[in-house]
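Trainee: I have a structure here, written as structure tokens, and I will follow up with some questions on it.
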Amino acid sequence: MSRGLEPGDDARDFDLPNANPNGPENCTLSSLVTDVGCIVVFTCNHCPYVVGSESRIEMIASRARDEGMGFAGINSNDPDNYPTDNWEHMVKRAE
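Residue numbering for the sequence shown follows my numbering, starting at 2 and increasing by one per position.
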């Protein structure tokens, strides 16, 4: 059984639709990584801890941009189980 990635493993590239209307249509890890790095946050719309951390996540994203780093928030939840995590809600949140 695969346990996913271990600390120190290279992250695999991804190609995901971008919910941010101000960004490119798709988002790839290879397009986010810069010479100084990249930050990827796993996030969602329904979790009270994530919702409560929204301003901190925005601050981290802003600082990453200022430092020349890529930044992405990825929602890996199943919208059938968490309807507020569906595509339409993610686009609204990204606006």
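In this text, a Cβ means the ideal position worked out from N, Cα and C, and glycines have one as well. Keep in mind that this is a model prediction, so the values were computed, not measured.
Flag this pair as yes or no: are the beta carbons of Ile58 and Thr44 separated by less than 8 Å?
Mentor: Their beta carbons are under 8 Å apart, which means Ile58 touches Thr44 by this criterion.
Trainee: Rounded to whole angstroms, how far is the Cβ of Val37 from the Cβ of Met70, which I believe are closer than 8 Å?
Mentor: Between Met70 and Val37 the Cβ distance is about 5 Å, and since that is below 8 Å, they are a contact.
Trainee: Where does the unbroken alpha helix (DSSP H) through Val52 begin, and where does it stop?
Mentor: Val52 -> alpha helix (DSSP H) spans 49–53.
Trainee: Which same chain residues end up closer than 7 Å to Arg66 when comparing Cβ atoms and leaving out the 5 residues on each side of it in sequence?
Mentor: Within the same chain, Arg66 has close Cβ partners Phe72.
Trainee: Near Ile40, which residues of its chain fall below 8 Å by C-beta distance, leaving aside the five closest residues on each side in sequence?
Mentor: Correct list, in chain order: Ile61, Ala62, Ala65, Met70, Gly71, Phe72, Ala73.
Trainee: Which class does Thr44 belong to by DSSP, given the choice of helix, strand or coil?
Mentor: Of the three classes helix, strand and coil, the one that applies to Thr44 here is coil, per DSSP.
Trainee: Tell me, please, whether the CB atom of Asn21 is closer than 8 Å to any CB atom in chain B?
Mentor: Protein chain content of the structure displayed is limited to a single chain, and chain B is not contained in it.
Trainee: Pairs of beta-carbons, one from the region 14–21 and one from the region 76–95, closer than 8 Å: are there three or more?
Mentor: At 8 Å Cβ cutoff, the stretches touch.
Trainee: Consult DSSP for Leu6 and reduce its assignment to one of helix, strand or coil.
Mentor: Reduced to three states, the DSSP call for Leu6 is coil.
Trainee: Leaving aside the five residues before and after Asn87 along the sequence, list all residues of the same chain whose C-beta is less than 8 Å from its C-beta, in chain order.
Mentor: Result list for Asn87: Pro80, in chain order.
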